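Worksheet: one structure, shown below.
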Amino acid sequence: MDVVSDAIAAVRIGQPSSNRLRVGGRWCARIPGYDGAGFHVVLEGGCWLLPDGGAPVSLGSGDAVLLPHGTGHVIASAPLEPAEAARAVSVDRLLGPGRPVPTPPAGAPEQAGPVAELLCGKYRLDHSRTHPLMQELPDVVHLPNRVGSHPQLRAAVDLLGGELVADRAGSALAVPSLIDLLLVYMVRAWLTKESGADRSASPPEAADPTSGGLTSGGLTSGGLTSGGPTSGGPTSGGRWPAALGDPVVAAALRAVHEDPARAWSTDDLAAEAGVSRATLTRRFTALVGRPPMAYLAWWRMTRAATLLRQTDDPLDAIARRVGYSTPYALSHAFSRLFGTTPGRYRARVAGESGAD
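Just add 22 to wherever you are in the sequence shown, counting from 1, and you've got our numbering.
So, in structure tokens, the structure goes:
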């Protein structure tokens with residue numbers, strides 16, 4: 023698979039959950055923090071999103087917003103003062119059968135407002151194997167419904183809206199699949215936006231021509247900052263939109279993700295990218311956050327964890343699929359990264375799935 027697909031597949035577990043919310047007048051509802059990712063799609067009308075510790079975001083019809091680190095937030099018919107937001111009712115009160123008419127915040131004008139309809143949902147994520155690309159996503163990814171922007175995302179939102187409006191045969195399967203597709207399109211749209219911003223800036227190697235190498239930096243373009251869990255992945259602090267837009271680094275990443283079992287060397291990856299070993303190492307380390315072979319070792323273990331979770335394949339088969347000659351070699355490397363053996367990891371995640 024490609025890097026983006028692999029990054030999402032590595033952390034996604036189970037099916038997404040979602041509910042439709044239709045409200046009118048003056049209202050506000052709280053969604054608590056979540057150990058996964060949350061999202062909203064505005065199907066009709068508009069509202070405001072007030073993330074904990076962040077600036078309010080105005081959402082219009084057709085807008086999509088992703089909260090990749092499960093940031094707690096309030097959704098409301100209008101911007102609120104902190105004291106008003108603190109009194110927001112739980113969103114569960116508005117989603118349940120026979121939902122009550124929301125009570126306006128104290129001091130709010132008693133007047134009717136437009137109707138808003140949203141699809142609100144959550145993705146379950148396994149943060150023990152979070153890919154650094156996912157770590158770099160900002161706390162709020164807002165994708166406005168602008169003419170000509172993100173056409174694939176807009177098409178997916180339209181399809182999803184159609185499935186939700188009519189009780190069609192197969193909707194129980196189509197809706198979760200479309201919601202999964204939304205996650206891919208939202209991450210892709212963010213990468214496209216950030217890559218465009220990066221292309222307008224000076225290339226990394228021009229930042230310090232006397233340094234003899236590159237230095238890694240945080241993601242700053244467009245006012246976005248990285249955040250979220252950091253355990254289990256390569257050193258965060260790389261610039262993944264720039265990495266995927268750099269032809270040298272992207273070629274090496276593509277080779278690793280397409281064939282992680284191959285006995286790659288730095289020279290092999292440099293040949294794939296058409297540059298010298300030194301050039302690849304310098305550019306890869308600057309943008310990804312660690313050298314090519316260190317990233318390869320981490321990705322192999324992350325892929326092994328995915329196979330342990332999703333398949334019943336024996337350990338020797340998994341070892342071969344991720345580039346290890348024996349189960350012992352895989353177990354040793356896996357234990358170093360995850361702090362447990364592959365067998366115990368598989369038993370634990372199976373138990374967690376059975377408890378859902």
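C-beta: ideal position from N, C-alpha, C; glycine also.
Computed from a prediction, not measured in an experiment: that's the story for all the values here.
Check	Outcome
Which residues bound the alpha helix (DSSP H) around L318?	P314 to Q332
Spatial neighbours of G183 within its chain, please: CB distance less than 7 angstroms, with the 5 preceding and 5 following residues excluded, ordered by chain position.	L65
From which residue to which residue does the alpha helix (DSSP H) around H279 run?	P269 to E280
Is it a yes or a no for the region 30 to 47 touching the region 70 to 81, going by three-plus beta-carbon pairs under 8 angstroms?	no
Run the CB neighbour count on T28, radius 10 Å, all protein chains shown included, and call it buried at 16 or more, exposed below.	The sequence given here has Asp at residue 28, not Thr. By the 10 Å Cβ count, D28 comes out buried.
Is Y145 helix, strand or coil when you go by DSSP?	strand
In or out: P119 buried (at least 16 other Cβ within 10 Å) or exposed?	Unreliable placement is indicated for P119, whose pLDDT of 45 sits below 50; the coordinate value is still reported in the next sentence. Answer is exposed; the Cβ neighbour count stays below 16.
What are the boundary residues of the alpha helix (DSSP H) that includes H91?	Neither: H91 is in no alpha helix (DSSP H) and is coded neither H nor E.
Would you mind stating whether R146 and A327 have Cβ atoms separated by less than 8 angstroms?	no
Going straight from the alpha carbon of Y149 to that of Q157, what length do you get?	Checking the sequence shown, residue 149 turns out to be His, not Tyr. Approximately 10 angstroms between the Cα atoms of the pair.
Considering just the uninterrupted stretch of the beta strand (DSSP E) at I53, what are its terminal residues?	C50 to I53
How many angstroms separate the CA atom of V270 from the CA atom of W49?	51 angstroms
Taking Cβ positions, are L200 and A178 nearer each other than 8 angstroms?	yes
Taking the alpha helix (DSSP H) that A351 belongs to, which residues open and close that run?	P349 to F360
Of all the options L88, A105 and L330, which has the alpha carbon lying nearest to the alpha carbon of G373?	L330
Considering only the beta carbon of each residue, do L266 and S193 sit closer than 8 angstroms?	no
Along the chain, which unbroken stretches of the beta strand (DSSP E) at least 3 residues long are found entirely within the region 151 to 184?	163 to 165
I'd like the list of long-range same chain contacts for S357, defined as Cβ closer than 6 angstroms, with 5 residues on each side in sequence excluded.	T363
Taking the Cβ atom as the reference point for each residue, do N167 and D57 lie within a distance shorter than 8 angstroms?	no
With distances taken between CB atoms, is the gap from D161 to T93 smaller than 8 angstroms?	yes
Skipping 5 residues on each side, what residues in its chain have a beta carbon closer than 6 angstroms to that of D24?	none
On the CB-based measure, 16 or more other CB atoms within 10 Å of its CB, does A59 come out buried or exposed?	buried
Below 8 angstroms on the Cβ atoms is my guess for S99 versus C142; work out the distance and round it to an integer in Å.	Wrong, their Cβ atoms sit about 15 angstroms apart, outside the cutoff.
Given this structure, state the Cα-to-Cα distance separating N41 from L155, to the nearest angstrom.	28 angstroms
Taking the straight line between their C-alpha atoms, what separation do you get for P336 and L318?	22 angstroms
For I30 and L359, what's the separation of their Cα atoms in angstroms?	20 angstroms
Rounded to a whole number of angstroms, what is the C-alpha to C-alpha distance between W262 and L165?	19 angstroms
Reducing DSSP to helix, strand and coil, say where L102 ends up.	coil
What residue range is occupied by the uninterrupted alpha helix (DSSP H) comprising S27?	V25 to V33
Just the Cα atoms here: how many angstroms apart are V111 and A51?	5 angstroms
Quick check: the Cα distance between T348 and R366, rounded to an integer number of angstroms?	18 angstroms
Can you list, in chain order, the residues of its chain whose CB lies under 8 angstroms from that of G55, leaving out five sequence neighbours each side?	D74, G92, T93 and G94
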